[in-house]
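Chemist: Just so you know, the protein sequences line up as chains A and B, in that order. Quick note on the working numbering: the first sequence kicks off at 55 and runs consecutively. Quick note on the working numbering: the second sequence kicks off at 17 and runs consecutively. For glycine and all other residues, C-beta sits at the position ideal for the given N, C-alpha and C. Bear in mind the structure is a predicted one, so any value in this text is a computation, not a measurement.
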Amino acid sequence: MNGAEYLLFILMLSVFLGFELINKVPATLHTPLMSGANAVSGITAVGAIALAGSGEGDLAQWLGAGAVALASINVVGGYLVTDRMLGFFKKREN
Amino acid sequence: MDTSLVTGLGYVVASGLFIFGLKMLGSPATARRGNMVSAAGMLVAIVVALLDQGIVDYTYIVGGMVVGGLIGAVVARSVAMTSMPEMVALFNGLGGSASLLVGWAALSPDSATFTLITIVLSILIGGVTLTGSLIAYGKLSEKLGSGQIVFRGQQIVNSLVVLGIVAGATLFVMEPTNTTYLYAVIGLALVFGIMVVIPIGGADMPVVISLLNSYSGLAACAAGFAIDNNVLIVAGSLVGASGIILTQIMCKAMNRSLSNVLFSGFASVSNEVTEIEGEIKPISADDAYYILEAASSVAIVPGYGMAVAQAQHVVKELSNLLEANGAEVVFGIHPVAGRMPGHMNVLLAEADVPYDQLLEMDEVNPRMDSVDVAIVIGANDVVNPAAREVESSPIYGMPVINVADARTVFVLKRSMASGFAGIENPLFYKENTRMLFGDAKESLGKLVSELSS
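#1: With H, G and I counted as helix, E and B as strand and the rest as coil, what does DSSP make of F70 of chain A?
#2: For G42 of chain B versus K145 of chain A, is the C-beta distance shorter than 8 Å?
#3: Could you spell out the range, first to last residue, of the beta strand (DSSP E) harbouring T424 of chain B?
#4: Provide the residue span of the beta strand (DSSP E) that contains S313 of chain B, from first to last.
#5: Give the straight-line distance between the Cα atoms of F34 of chain B and M58 of chain B, rounded to the nearest whole angstrom.
#6: So F34 of chain B contacts chain A; which residues on that side make the cut at Cβ distance below 7 Å?
#7: For R450 of chain B, name the three-state secondary structure that DSSP assigns.
#8: Do Y153 of chain B and E295 of chain B have their beta-carbon atoms positioned less than 8 Å apart in this structure?
#9: Are the Cβ atoms of I225 of chain B and A105 of chain B separated by less than 8 Å?
#10: Measuring straight from C-alpha to C-alpha, what distance separates L254 of chain B and I260 of chain B?
#11: Looking at chain A, is there any beta carbon in it that lies within less than 8 Å of the beta carbon of G180 of chain B?
#12: Could you have a look at L146 of chain B and say whether DSSP puts it in helix, strand or coil?
#13: Leaving aside the five residues before and after V399 of chain B along the sequence, list all residues of the same chain whose C-beta is less than 7 Å from its C-beta, in chain order.
#14: Using a Cβ-Cβ cut-off of 7 Å (strictly less than) and excluding sequence neighbours within five positions of A102 of chain A, which residues of its own chain qualify?
#15: Are the beta-carbon atoms of I97 of chain A and V212 of chain B separated by less than 8 Å?
#16: Can you give me, in chain order, the residues of the region 92-112 of chain B that have a beta carbon less than 8 Å from any beta carbon in chain A?
#17: Tell me the DSSP secondary structure of V345 of chain B in three-state form.
#18: Just the Cα atoms here: how many angstroms apart are I135 of chain B and D126 of chain B?
#19: Would you call the region 233-242 of chain B and the region 139-146 of chain B in contact, with 3 or more CB pairs under 8 Å?
#20: Taking 8 Å as the threshold (C-beta atoms), are S95 of chain A and S232 of chain B in contact?
#21: State yes or no: is the C-beta of M88 of chain A within less than 8 Å of the C-beta of M356 of chain B?
#22: Check I149 of chain A in the structure and name its three-state DSSP category.
#23: Within its chain, find whatever has a CB closer than 6 Å to the CB of V166 of chain B; leave out the 5 residues flanking it on each side and keep chain order.
#24: Could you check whether the region 18-28 of chain B touches the region 103-122 of chain B, counting it as contact only if at least three pairs of C-beta atoms, one from each stretch, sit closer than 8 Å?
#25: Assuming G348 of chain B and A325 of chain B are in contact, meaning their beta carbons sit under 8 Å apart, how far apart are those beta carbons, in whole angstroms?
#26: Pick helix, strand or coil for A45 of chain B, following the three-state DSSP scheme.
#27: Report yes if the CB atom of G394 of chain B is closer than 8 Å to the CB atom of A456 of chain B, and no otherwise.
#28: Which residue from A:L140, A:N92 and A:T82 puts its Cα closest to that of A257 of chain B?
#29: I'd like to confirm the pairing. Which residues does DSSP put opposite V476 of chain B in its beta bridges?
#30: Under 9 Å between beta-carbons, which chain A residues line up against E470 of chain B? List them in chain order, please.
#31: Are there 16 or more other CB atoms within 10 angstroms of the CB of T471 of chain B, so buried, or fewer, so exposed?
#32: Tell me which residue opens and which closes the alpha helix (DSSP H) that E379 of chain B is part of.
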């Protein structure tokens, strides 16, 4: 079991790190940044998996299964469309 | 070996890969690999989650993954680049709803108070993100009409909804077994999402989808607290931070505060007619060709109209021909051109314009006075000199691309209607401005055929 203060500590560090990293993303990549963020927010799948696999057939399991499906759309769709977009960005030849 | 140790280490690796992938997004040269690194992180996190010994039944999990994965893959392959804002809006909503469901499912009769608070938060943020994103999707795809919806007593209704949410959430935390409170909180969160987005007009959509992007991350973060999972917190807060930064950039580019965007809109535009001196000077494609042929430096400034006219490919053709003719061609891109951050860049990249030719506003403005011809394609407010010159203008103070500093300005425009924000544009009346009326794609096509003959 993790304590609440330990989780808050992680939250604080990753928020600061996020600000630092994202400030360095050039404006030209802001659309792929957003669709990539969609994909990363599909991380909820990780939490949903345990809930959907409880095997109890109760409400929580159904909710978990729904969350797995929704988050999977984000993960698969988000990474694929971001890859498709980033494939367009080319440097000038010569 | 202890499985919880494996799980823990797996999540550390996944978080590291997310962070590293994001860092590689800092340059267009490494961005594609960065996206793959991030995807690898996601794979690690999901595999580790699947190894969890608490799982007894995989049917629901596999079912959810197959259905979701297929839908995601089909959407990602088929979506047109012009529709990216709608897709991102929809995906924000899906992320929010997944967090809502996880928060709800994490509820158990013996949850501690801190856990209950985080459950409420993930339900609230997730719910607001879900319906807010659906409304944003409706507006962006023009299924709902892109205007603002404002009615009498809106502020009062909103305040009542907020009070209801606070009361419902408090009662729920005190008495988690009473499902009435839970359903009330879910219902009110969904209503609030709608209420927040309906009064916001289409021109402010870049801000709204950035903000909802951030919320979808914060919802995942709250869900991470609810189920005591640190990888959700790391990934969710990275997304949350990204959305907040983009929101700030968008607000700054419109010279407005976030609260101004969310609560007032452009509704208060005064109808007083500002005296604009000068007259409209139309130009034919023939005459425009002669001026372009003699130009040695050209700056192209696109706006959402370019996307609507699907003119990005013919723009690229024009740019190639001008370069072959010895001119230097750059693209000047305003942060809020289009319906989402970076939208113009993706459209032009898809049309094979190299990214080093796409300049940000701050790079293109200093060199504008040495530009022979500036071509404005489907942009209006982002090139409006009233932002610099007319103190009474609602957009006064907004940073714009100073196309009027170029020797000649061509404005490609369908008619003389004012822009999305409904503000008069003195640029059209300037001494050095020539209006090339008609569909942008057709007008550019004429220039291309003249230049290539």
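Modeler: According to the structure data:
#1: helix
#2: no
#3: T424 to K429
#4: S313 to P318
#5: 8 Å
#6: V94
#7: strand
#8: no
#9: yes
#10: 10 Å
#11: no
#12: helix
#13: V317, V392, V416, I417, V419 and L443
#14: G118, A121, V122 and A125
#15: no
#16: A92, R93, V95, M97, M100, M103, V104, F107, N108, L110 and G111
#17: strand
#18: 13 Å
#19: yes
#20: yes
#21: yes
#22: The structure shown does not extend to residue 149 of chain A, since chain A spans only 55 to 148, so no value can be given for it.
#23: P215
#24: no
#25: Not really, about 18 Å apart at Cβ, beyond 8 Å.
#26: coil
#27: yes
#28: A:N92
#29: The structure shown does not extend to residue 476 of chain B, since chain B is modelled only from 17 through 469, so no value can be given for it.
#30: Within the shown structure, residues of chain B are numbered from 17 to 469, placing residue 470 of chain B beyond reach of any answer.
#31: This structure cannot speak to residue 471 of chain B, because chain B is shown only from 17 to 469.
#32: M377 to V380
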